[in-house]
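Numbering of the sequence shown is given in the working numbering, commencing with residue 4 and proceeding in unit increments.
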Amino acid sequence: MPDGDLIVALASAPGIAGVAVVRMSGEGVLEAAQRVTGERTLPHATLTYCTLRDPRTGSIIDLGYVVRFQRPRSYTGEDVVEFQVHGSPAGVDRLVDALYFVGARAARPGEFTMRALLAGKLDLAQAEALLDVLHAGGADQHAAALQHLDGATSRAIADLRAPLLRATSDIEARLDFAAEPHLAVFDPHPLRDRLVDLAQRMRALAATANAGRIRVRGARVVLAGAPNAGKSTLLNALCGADRAIVDARPGTTRDTIEVRTAPHGTAITWVDTAGLRATSDPVEAEGTRRATAELGGADIVVWVVDQAVPPDPMPPTRVAVVAVRNKADLPVHPAVACHPLLASASQVCAARGEGVSELRDRLVDHVRALASVGGDAVAICRQRHADHLVRAAAALDRAVILINIDPALELVAADLRDALDALDELTGPLTPDDVLAKVFSEFCIGK
Numbered sequence: 004m005p006d007g008d009l010i011v012a013l014a015s016a017p018g019i020a021g022v023a024v025v026r027m028s029g030e031g032v033l034e035a036a037q038r039v040t041g042e043r044t045l046p047h048a049t050l051t052y053c054t055l056r057d058p059r060t061g062s063i064i065d066l067g068y069v070v071r072f073q074r075p076r077s078y079t080g081e082d083v084v085e086f087q088v089h090g091s092p093a094g095v096d097r098l099v100d101a102l103y104f105v106g107a108r109a110a111r112p113g114e115f116t117m118r119a120l121l122a123g124k125l126d127l128a129q130a131e132a133l134l135d136v137l138h139a140g141g142a143d144q145h146a147a148a149l150q151h152l153d154g155a156t157s158r159a160i161a162d163l164r165a166p167l168l169r170a171t172s173d174i175e176a177r178l179d180f181a182a183e184p185h186l187a188v189f190d191p192h193p194l195r196d197r198l199v200d201l202a203q204r205m206r207a208l209a210a211t212a213n214a215g216r217i218r219v220r221g222a223r224v225v226l227a228g229a230p231n232a233g234k235s236t237l238l239n240a241l242c243g244a245d246r247a248i249v250d251a252r253p254g255t256t257r258d259t260i261e262v263r264t265a266p267h268g269t270a271i272t273w274v275d276t277a278g279l280r281a282t283s284d285p286v287e288a289e290g291t292r293r294a295t296a297e298l299g300g301a302d303i304v305v306w307v308v309d310q311a312v313p314p315d316p317m318p319p320t321r322v323a324v325v326a327v328r329n330k331a332d333l334p335v336h337p338a339v340a341c342h343p344l345l346a347s348a349s350q351v352c353a354a355r356g357e358g359v360s361e362l363r364d365r366l367v368d369h370v371r372a373l374a375s376v377g378g379d380a381v382a383i384c385r386q387r388h389a390d391h392l393v394r395a396a397a398a399l400d401r402a403v404i405l406i407n408i409d410p411a412l413e414l415v416a417a418d419l420r421d422a423l424d425a426l427d428e429l430t431g432p433l434t435p436d437d438v439l440a441k442v443f444s445e446f447c448i449g450k
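Following this line, the structure appears as structure tokens:
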């Protein structure tokens, strides 16, 4: 957990750039900045142009801007200073080293955002959404992640928490003030009906997790099929780049190849796999094993078939399959023409690029359909969120069973509290330290 001391890190991308931003936050930040800038005053939210010097030698580190954000009006809720300097890796290293000398330490991954969480600047669901914003692979995903950063998940949980808190408070009041005449009579049936409705709403929201994941992080589209069906050629055509080695001999692809693109603003990870067939070659067999494993993690499987030869069985998968007849420039084999799935499948000639654009558009539409939950409904985007919602719903189920059998208010109240705790851990107030550590370990150092 953060300890409130002075931390520093590069907040912009590493490498050569026009501008680099170095962020510092915590106790003593103003004094540390003054030792490097020589400025007596640094007004809040005002850029000050200055010469940055190494306090040990007085040598110039860089010329740039410094801006101070006074707590609580800062990202972390603490006093923050940011340096905007030339994007020279050597210069940034010298500046950070000087800030170490004046008392700062290196920030841990996500530590700035962790401090913002603890200061109440955002909740845990919003912190996770920030990570999704940073990693968004397409315009659709970026827009969806911003909705969650703006509090879409948090508001959905608050809408569930508010009636649950009212019910819990009512039960606990009856326990604490049982002697009060107006609390002596208790009809449990309205409470039971409210809890049943809440549990249903929690499970319905939990069920949107897969759609929400695709909406925020994009889809994984796996190309599978027999050797020499043209999967690698099709991958290159779909991505518009030569990413996979193509050869007329079957079995060229031995490992999975991933390419991430964003056609029409929709993030898709295309995965080329080894041909699926029985083989005595241990290397090819490992490729087949990896291809089969990829099918288990796919959102869409593109079954690529050479339409000039009899088709092999469709790959085993639990997700949607889009059949594609490749090598459309060759005659259609009768077994392909009468196959129930292949007869009306998309036809392409990947080598010539024919039909590829139409197939790509079809797959984008398919991805967007998988990401849809209808209208403007909120979809959660993490399995962690779904797990907490299911846990809360299970606690309400237990409370309903108790009410149906014997409305012992102490036990009912305990189950309602369990449900509240599950929701609170989702957004952050009661989240265990190990969960927080896992979430923030995915952040970059300067965020």
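Glycine included, C-beta positions come from ideal geometry on N, C-alpha and C.
Only a predicted model underlies this, so the values are computations on that prediction, with no experimental measurement involved.
Where residue i falls, given that 16 or more other Cβ within 10 Å makes a residue buried
i       : result
Pro-319 : exposed
Ile-303 : buried
Gln-203 : exposed
Gln-386 : exposed
Asp-190 : exposed
Ser-347 : exposed
Tyr-52  : exposed
Ser-2   : Only positions 4 to 450 of the chain appear in this structure, which leaves residue 2 out of reach.
Cys-384 : buried
Ala-340 : exposed
Asp-452 : Look at the range of the chain in this structure, 4 to 450, and you will see that residue 452 is not part of it.
Thr-321 : First, the amino acid is wrong: residue 321 is Arg here, not Thr. Looking at its Cβ environment, which holds fewer than 16 other Cβ atoms inside 10 Å, Arg-321 is exposed.
Pro-314 : buried
Val-370 : buried
Pro-285 : exposed
Glu-85  : buried
Val-22  : exposed
Asp-143 : buried
Thr-44  : exposed
Gly-18  : exposed
Ile-408 : exposed
Ala-212 : buried
Gly-243 : exposed
Ala-372 : exposed
Gly-7   : exposed
Ala-12  : buried
Arg-76  : exposed
Opposing strand residues paired with residue i [DSSP bridges]
i       : result
Gly-90  : Ala-20
Ala-323 : Ile-303
Val-11  : Met-27, Ala-109
Arg-263 : Thr-272
Arg-71  : His-47, Val-84
Arg-56  : Ile-63
Asn-329 : Asp-309
Glu-357 : Cys-352
Cβ pair residue i, residue j closer than 8 Å
i       : j       : result
Asp-275 : Thr-259 : yes
His-145 : Ala-128 : no
Val-225 : Leu-345 : no
Val-524 : Ala-159 : Lying outside 4 to 450, the shown extent of the chain, residue 524 is not represented and no answer is given.
Pro-208 : Ala-107 : Position check: residue 208 holds Leu in this sequence, whereas Pro was assumed. The answer is no: Cβ separation not under 8 Å.
Arg-223 : Ala-301 : yes
Arg-26  : Phe-115 : yes
Ala-126 : Gly-431 : First, the residue type needs correcting, since residue 126 is Asp and not Ala in the sequence shown. It is a contact, given that the beta carbons lie within the stated cut-off.
Cys-352 : Asp-368 : no
Arg-195 : Val-32  : no
His-388 : Leu-429 : yes
Ala-311 : Pro-343 : no
Val-70  : Leu-50  : yes
Ala-148 : Ala-130 : no
Leu-292 : Pro-230 : It should be noted that the sequence gives Arg, not Leu, for residue 292. In this structure, Pro-230 does not lie closer than 8 Å to Arg-292 by Cβ.
Lys-124 : Gly-80  : yes
Ser-28  : Arg-118 : yes
Gly-221 : Thr-269 : yes
Ala-395 : Leu-414 : no
Thr-282 : Trp-273 : no
Ala-294 : Ala-277 : yes
Arg-206 : Ala-170 : no
Leu-98  : Leu-55  : yes
Count the CB pairs spanning the stretch 21 to 39 and the stretch 64 to 74 that are closer than 8 Å, and state whether there are at least three.
-> yes
Please confirm if the stretch 322 to 334 is in contact with the stretch 295 to 309, defined as three or more CB-CB distances below 8 Å between the two stretches.
-> yes
For the stretch 184 to 251, list the alpha helix (DSSP H) runs that are entirely contained and at least 4 residues long, ordered along the chain.
-> 184 to 187, 191 to 209, 212 to 220, 234 to 242
So does the stretch 358 to 368 actually touch the stretch 163 to 173, counting three or more Cβ pairs closer than 8 Å?
-> no
Say whether the stretch 413 to 431 touches the stretch 383 to 402, bearing in mind that this needs 3 or more beta-carbon pairs closer than 8 Å, one atom from each stretch.
-> yes
Pairing CB atoms from the stretch 136 to 145 with CB atoms from the stretch 69 to 89, are three or more of them under 8 Å?
-> no
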